[in-house]
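Peer 1: Protein chains in written order, with the working numbering: chain A, 371 to 642; chain B, 488 to 683.
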Amino acid sequence: MNPIHRAAAVLCVASAMAGAAVLAQQPSSTEQEIEKYRAALGEDNPAELWEARGEALWKEKAGPKGASLERCDIGLGPGVVKGAYTVLPKYFADTGKVQDLESRLVTCMETLQGISEADAKKNHFGSGPKRSKMEALVAWIASESRGMPMNVSLAHPEEKEAYEIGKRMFFYRAGPHDFACATCHSRDNLRIRLQELPNLTNPKDAQRAYTTWPGYRVSQGEVRTMQHRINDCYRQQRFPEPGYASDAVTALVMYLAHNANGGVYNAPAVKR
Amino acid sequence: MIALAAAGCAALRGSPDEEQAAVALMKKDFKPRGQATLDRLDQDDVQRTCTRYSGRPLPPAEAQRIEKEQLALIRYPADGEYLGDWKAGEKIAQTGVGKQWSDDPSRAAGGNCYACHELSHAELSYGTIGPSLYHFGRTRGFGTDVQKYVYGRIYNPEAFSACSSMPRFGAHGILTEKQIKDVVALLLDPRSPVNQ
Chain A
371 MNPIHRAAAV
381 LCVASAMAGA
391 AVLAQQPSST
401 EQEIEKYRAA
411 LGEDNPAELW
421 EARGEALWKE
431 KAGPKGASLE
441 RCDIGLGPGV
451 VKGAYTVLPK
461 YFADTGKVQD
471 LESRLVTCME
481 TLQGISEADA
491 KKNHFGSGPK
501 RSKMEALVAW
511 IASESRGMPM
521 NVSLAHPEEK
531 EAYEIGKRMF
541 FYRAGPHDFA
551 CATCHSRDNL
561 RIRLQELPNL
571 TNPKDAQRAY
581 TTWPGYRVSQ
591 GEVRTMQHRI
601 NDCYRQQRFP
611 EPGYASDAVT
621 ALVMYLAHNA
631 NGGVYNAPAV
641 KR
Chain B
488 MIALAAAGCA
498 ALRGSPDEEQ
508 AAVALMKKDF
518 KPRGQATLDR
528 LDQDDVQRTC
538 TRYSGRPLPP
548 AEAQRIEKEQ
558 LALIRYPADG
568 EYLGDWKAGE
578 KIAQTGVGKQ
588 WSDDPSRAAG
598 GNCYACHELS
608 HAELSYGTIG
618 PSLYHFGRTR
628 GFGTDVQKYV
638 YGRIYNPEAF
648 SACSSMPRFG
658 AHGILTEKQI
668 KDVVALLLDP
678 RSPVNQ
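In structure tokens form, the structure reads like this:
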């Protein structure tokens, strides 16, 4: 079977398994249920559908300039995809700022394809028939870094600044519930309900968490990126909404990505 | 656009400290959505102090100051009754909605106690951010003094344990007086499953 057919077959298994998980009566952690689901999938991962679509989108001529994204510099030079996810976020001289993959793709859609920023960010979190180009592109580009160690640099002063700001954001307590990212993610071996919470200040946990995003979310039937993960955390923190692919989110991603340095990248993964 | 971006970065670098830079960046890049307005990014004294000392011990003088100030904010029920309906309390403990941009502000919020605490043994899906509260009344007693303590502890945890991870459910208007009484009953009614 080609990847698309195989992934489509996998999706049917996925629905059945999700149903089984709901019916399960035994006390069992969510992580164990997801492990069973992963085992049932074997080598297959529904994210392959997104990866295949993303590769096609990368190569497709689009926008007023009728150009593809194949000359986009996402960190290792124009057109280099292999390994690029492991060095992001990083400073880009042409924009004069630190960018993560999603912010950088917006830049390339603007400069190479002539697409407006608003259009580039349209449907950034897809749902059902309203599919997201960005989630597909990120799924494919990220998959091209599988097996490579995270290697995010703080050599440029702007990179160091982004890291320090991201760290302050991580510990920033506010809102009606007094929550910070750190409330749930700065101690070892905690759970919210049955969901295990990574301690993102601990390199081992940070590596395991960061290197498995983006993820195919079983509960949502979508591939979700790090931008989405952070957006949903802030929703539950009762904060206002962080702008998509904004400098603020990039700074927080920089903190998390650098803490994960040395971890072997292995995504898109399958998630709860 | 490049010039604008460069100007933004220059402004950040010119800031005296990264805390301020982080706040400025959040205020630039976060957008109000639903009931989650931008003023939620403004910290009160407790939030500012706890952020400053995150990851290191809070000096005892700071802890005492916070606890004293926060204790004064607790409004105990005028009728002197603390114990509500434990069955309603169980529902509040199970419910996690409230105050998120995705929530309907006209609907009552939950306390989401099970997200962080073990309570009834019938509920296996509980978190471990806070301590187990199973057998709370059986261990601590069912008297009015304990009821009043628990009411205050839920209303404003900062009054008892500065920089606690637990939200100030009463002081921040997350739960109503009646809802807090119901949760007190979940912990302290001898018939509640928490005490079985």
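Ideal Cβ placement from N, Cα and C applies to all residues, glycine included. Predicted model, so just to flag it, every value in this text is computed and none were measured.
Please name the residue in A:Q606, A:I535, A:Q483 and A:S616 whose C-alpha comes closest to that of B:Q522.
Peer 2: The residue you call residue 522 of chain B lines up with position 35 of the second sequence. The option with the nearest alpha carbon to B:Q522 is A:Q606.
Peer 1: Is the shortest distance between the beta-carbon of B:C600 and the beta-carbons of chain A less than 8 Å?
Peer 2: Translated into the one-based positions of the second sequence, residue 600 of chain B becomes position 113. No, B:C600 lies away from the interface with chain A (no Cβ there is under 8 Å from its Cβ).
Peer 1: For A:P397 and chain B, any beta-carbon pair shorter than 8 Å?
Peer 2: On the first sequence, residue 397 of chain A is found 27 positions in, with the first residue counted as 1. Any answer about A:P397 is weak, because its pLDDT of 44 lies below 50 and its placement is not dependable; what the coordinates show is given next. Cβ-Cβ to chain B under 8 Å: yes for A:P397.
Peer 1: From B:R562 to B:D676, what distance separates their C-alpha atoms?
Peer 2: Position 75 of the second sequence holds residue 562 of chain B. Position 189 of the second sequence holds residue 676 of chain B. One C-alpha to the other measures close to 22 Å.
Peer 1: Would you mind telling me which residues of chain E sit closer than 9 Å to B:F517, beta carbon to beta carbon, in chain order?
Peer 2: As a matter of chain content, chain E is missing from the structure shown, whose protein chains are A and B.
Peer 1: Could you tell me which chain A residues have their CB closer than 7 Å to the CB of B:K586, listed as they occur along the chain?
Peer 2: For the purposes of this step, residue 586 of chain B is taken as residue 99 along the second sequence, with counting starting at 1. P546, H547 and R608, listed in chain order.
Peer 1: Check the Cβ-Cβ distances between A:T553 and every residue of chain B, and say whether any is below 8 Å.
Peer 2: If you number the first sequence from 1, residue 553 of chain A lands on position 183. Yes, A:T553 counts as interfacial toward chain B.
Peer 1: For the structure I just gave you, are there three or more beta carbon pairs, one from the segment 445 to 457 of chain A and one from the segment 515 to 531 of chain A, closer than 8 Å?
Peer 2: Yes: at least three Cβ pairs fall under 8 Å.
Peer 1: At what residues does the alpha helix (DSSP H) containing A:F540 begin and finish?
Peer 2: Translated into positions along the first sequence, residue 540 of chain A becomes position 170. Per DSSP, A:F540 belongs to the alpha helix (DSSP H) from P527 to F541.
Peer 1: Under 8 Å Cβ to Cβ from B:P564, same chain only, skipping five residues before and after it: list those, please.
Peer 2: Taking the first residue of the second sequence as position 1, residue 564 of chain B is located at position 77. So the list reads Y638, E664 and K668, once near-sequence residues are dropped.
Peer 1: If you measure between the beta carbons of B:F517 and A:A618, is that distance less than 8 Å?
Peer 2: For this step, residue 517 of chain B is matched to residue 30 along the second sequence. For this step, residue 618 of chain A is matched to residue 248 along the first sequence. Result yes, Cβ atoms of B:F517 and A:A618 sit closer than 8 Å.
Peer 1: For the segment 652 to 663 of chain B, which residues have a beta carbon sitting closer than 7 Å to at least one beta carbon of chain A?
Peer 2: Answer set for the segment 652 to 663 of chain B: S652, P654, R655, H659 and I661.
Peer 1: Taking a contact to mean a Cβ-Cβ separation below 8 Å, would you say A:E472 touches A:V508 in this structure?
Peer 2: On the first sequence, residue 472 of chain A is found 102 positions in, with the first residue counted as 1. On the first sequence, residue 508 of chain A is found 138 positions in, with the first residue counted as 1. Cβ atoms of A:E472 and A:V508: closer than 8 Å.
Peer 1: Determine, using beta carbons only, whether B:E506 comes closer than 8 Å to chain A.
Peer 2: The residue you call residue 506 of chain B lines up with position 19 of the second sequence. Yes - at least one Cβ of chain A is within 8 Å of the one on B:E506.
Peer 1: Examine chain B for any beta-carbon lying closer than 8 Å to the beta-carbon of A:K641, and answer yes or no.
Peer 2: Counted from its first residue, the first sequence places residue 641 of chain A at position 271. No - not a single Cβ of chain B is within 8 Å of the one on A:K641.
Peer 1: Report yes or no: is there a C-beta of chain B within less than 8 Å of the C-beta of A:Y542?
Peer 2: Taking the first sequence and counting its residues from 1, the one referred to as residue 542 of chain A is at position 172. Closer than 8 Å to some Cβ of chain B, the Cβ of A:Y542 qualifies, so yes.
Peer 1: What do you reckon, is the C-beta of B:E605 under 7 Å from a heavy atom of the ligand PLP?
Peer 2: For the structure depicted, the ligand PLP is absent and the ligand set is empty, with no information on it obtainable.
Peer 1: Since A:N415 contacts A:V634 with CB under 8 Å, what's their CB separation in whole angstroms?
Peer 2: Along the first sequence, read from residue 1 onward, the residue named residue 415 of chain A stands at position 45. Along the first sequence, read from residue 1 onward, the residue named residue 634 of chain A stands at position 264. Wrong, their Cβ atoms sit about 17 Å apart, outside the cutoff.
Peer 1: Comparing the C-beta of B:S619 with each C-beta of chain A, is any distance below 8 Å?
Peer 2: By 1-based counting over the second sequence, the position of residue 619 of chain B is 132. So no, B:S619 is outside the interface.
Peer 1: Answer with yes or no whether the minimum CB distance from B:N534 to chain A is below 8 Å.
Peer 2: By one-based count along the second sequence, residue 534 of chain B stands at place 47. A small correction: the amino acid at residue 534 of chain B is Gln; Asn does not occupy that position in the sequence shown. Yes, because at least one Cβ of chain A sits closer than 8 Å to the Cβ of B:Q534.
Peer 1: Between the C-alpha atoms of B:R539 and B:Q507, what's the straight-line distance to the nearest angstrom?
Peer 2: What you label residue 539 of chain B is simply residue 52 of the second sequence in a count that begins at 1. What you label residue 507 of chain B is simply residue 20 of the second sequence in a count that begins at 1. Cα-Cα distance, rounded: 12 Å.
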